[in-house]
Amino acid sequence: MRGFALALVVVFHVVGNGRVSGGIDVFLAVTGFLFTQSLLRRMVERGRIDARSHYLRLARRLLPPLVTVTLAVAVAAVVVLPSTQWHQLSRELVASVLYYENWELIASQLTYDAAGPASSPLQHIWSLSVQGQFHLLWPALIALTVWGARRAGVPARAATIAVVATVLAGSMAYAVHLTGTNQEVAYLHTGTRMWELALGGLAGLLLADVRLPRGWRIGLGWVGLVMISTAGLVFDGARDFPGPAALWPIGGLILVLAAGTTGARWSADALLATRPLRFVADISYSLYLWHWPVLVLFLAYLDRERVGARGAVVVLTVSVLLAWATKVLVEDRVNGVAHRLPGRAPVSSRWVLVGAGATALVFATSAAGHEVRQSVAVAQLQSGAVSQPGAAALAADPDLSGAPVVSVLDSLVPSLEAIRSDKPGIYEHGCIQDVADEPAFDAVLVCDPDPAQGPPRVVMTGGSHVQQWWTAMHLIAVKHGWELVVVEKNGCQLGADRDPTYSSQSCRRWNTEAFGVIVDLEPDVVLTLGSTTRNRVERTPDFFVDVWRDLGDHGVPVLAIRDTVRLVERAPDCIAEHGPDAIRCGTVRAEVLDEHYLEDVDVPDNVTPLDMTPYLCTSTHCPAIVGGVIVYRDASHVTSTYMHTLAPYLEQELLTQAPWLFERD
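With our numbering applied, the sequence shown has no gaps in its numbers, which climb one by one up to 665 at the end.
Structural data, given as structure tokens:
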């Protein structure tokens, strides 16, 4: 069953187009099923759990393949992945070997505009980390339960059932809560996954007393296998798990386990015992370890979004071959020493731990080196000095025909090491609402770092593509004494509640309250988006115009700033891979921007359009580098450094288009 579940995971990852199979949930439940019974039996029979021997055996079985794969990923990443991704990967290499990858992903990958790659080659290790943490905690829980039961004169098995059921209920309640408030964190969280392991353990404790007729067991086996196989089709596991929906695949597992071995020729257990599935089961652990990095690195090497039919065959074939080789040459050899020479088992396990520790130390040293280089680069960045002209190059030469071409990476600003931190300073105040589509992130937050300044009061709102202008606006506001207020939820445009097809439910709920909050602030002007380039197609949605008009009804002027382009790939990654190629790493202007911008839009009288495109793009291209400054810190957001160079030209545009803002100077 464990092999069948992990095979489902592999197939869905390769050809499932983002669907979640439910195999991980089955995998975790099987672990709980086997481990809980084993621990209870040892406590009852021996009166104790030999933790030292347990962890040495576990290390000997799990660590050699894991270390092998992480070392291979580290080498392959240097060849295949751009250097901008090495820092995050080095952190995940350490986290994977030390079994806290799920927490590393929560800390580094689940934020809006995350710094790391969209798909880490080690992302899948999160489930093994949850299992590793379970193996660390569960022996102590079972040992304490049996010890307490003996002291209280209660049967050990009954006490264990009660404790495991309590863990199940508590974890399930937490999973329901967190899945409803922050599903992305819930998906990776050990506390929300513990109920799946506990349910497997409870099933193992209770099924021993179940006796069903053979015909019933044959039927239950097939029903269970169908439930497991169809979980990824029935549910959107990436959104619904680990909530109650995960009971579908785990319930299927329990039915298969309840069916047991029927001996019937056409039973589900007969299918699971066939040679091909037994082979998959034998290599399942190594196959799980290999398939995801092979898939991610294959896509990165070929610069593709999907593998396609032929690519899927290649990825599956390579993964199976690597898994088989790892099973034979690594797993079997390490465990063979222990089995042939029982007295050498602890010694071999210790050497495994030493090897894993040394590997983790190497990875940690690499991660620390990246951290130091990044800290130095960020410190230089925060000094505020911009050594390159940036937007001034476009201002002086609109087509950059005579501008010098930067050919050395070291001369670019911001540096690739620091670019992930080159964000508007407003984010440091912690008052930008999270993008998450959860009720916990509906509240409207107001950022007002300099309330003593003003009037005028300028309110910025409309998502991160408005807030990327904060650096330039802040420089202007400080110079002229304006009060600059930010009301934002990441990824959420003002007025999006008027179009239910455009945004998330949380964004719509946020908007319902945000409009009133903005009006109550009595702003002298609202700076928001005049268009959106979402999906790399520029348009001005009707609800933009509607909300502008409604603001006008409240006497609020609007500055509608044209959106910036979105690139095909992250500019820093492209520059790291191909060098400072401004054109290749940018985009053709006409591919994204509409040459008839606002011509067919009934712009209300209270709206002043702002178009800063001439300071970001030539007449034909929107380069990734202008005047020695990297324009984009990812695939769509302008670096704070470039905004610093663009501020004088934004000020000129405001003086021309909205001179009344400067009348109080």
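Glycine residues also receive a C-beta, built at the ideal position from the N, C-alpha and C atoms.
Every alpha helix (DSSP H) of 4 residues or more that sits fully in the segment 66-110 is shown, in chain order, as 86-97, 101-108. A check of alpha carbon separations from THR326 across VAL67, SER127, GLY18 identifies VAL67 as the nearest. Contact between the segment 29-48 and the segment 145-160 is established, with three or more Cβ pairs separated by less than 8 Å. Here HIS596 is exposed, its C-beta having fewer than 16 other C-beta atoms within 10 Å. Rounded to the nearest angstrom, the gap between the Cα atoms of VAL601 and LEU412 is 39 Å.
Following the DSSP letters along the chain, one finds GLU483 inside the beta strand (DSSP E) bounded by residues 483-486. Per the C-alpha coordinates, the member of ALA391, ILE432, ALA560, LEU400 positioned closest to THR639 is ALA391. Secondary structure of LYS479 (DSSP, three-state): helix. Nearest in C-alpha terms to VAL97, of all of THR620, LEU361, GLU513, is LEU361. Under the three-state reduction of DSSP output, HIS554 falls in the coil class, being neither helix nor strand. Under the 10 Å beta carbon count, ARG498 is surrounded by 16 or more other beta carbons and is classified as buried.
The beta carbon of LEU220 lies closer than 6 Å to those of LEU255, ALA258, ALA259 in the same chain, with the five residues before and after it left out.
When DSSP reads this structure, LYS489 sits in a beta bridge with GLN433. Bounds of any alpha helix (DSSP H) do not take in ARG420, whose DSSP letter is neither H nor E.
In this structure, ASP399 and THR618 form a Cβ contact; the two beta carbons are roughly 5 Å apart against a cut-off of 8 Å. Short of 6 Å from the beta carbon of ALA246, and not among the five residues preceding or following it, lie these beta carbons of its own chain, in chain order: ASP25. In the displayed model, ALA560 falls within a strand according to three-state DSSP. Exclusion of the five residues before and after VAL459 leaves VAL485, VAL486, VAL487, ILE518, LEU521, PRO523, VAL525, VAL526, LEU527 as the residues of its chain whose Cβ lies within less than 8 Å of its Cβ. In summary, VAL406 is buried, with 16 or more beta-carbon neighbours lying within 10 Å of its beta-carbon over all protein chains present. Counting along the chain, the unbroken alpha helix (DSSP H) around ARG217 starts and ends at 214-234. In terms of CA proximity to ALA443, ALA514 leads the group ASP542, TRP660, ALA514. Note on geometry: alpha-carbon atoms of VAL234 and HIS480 lie some 58 Å from one another. Spatial neighbours of HIS291 in its own chain (CB-CB distance under 6 Å, excluding positions within 5 residues in sequence) are listed in chain order as VAL10, SER319.
Distance from the CA atom of PRO557 to the CA atom of THR192, rounded to whole angstroms, is 47 Å. If you draw a straight line from the Cα of THR365 to the Cα of THR641, it is about 30 Å long.
For PRO64, the three-state secondary structure derived from DSSP is helix.
It is roughly 17 Å from the alpha-carbon of PRO609 to the alpha-carbon of GLY495.
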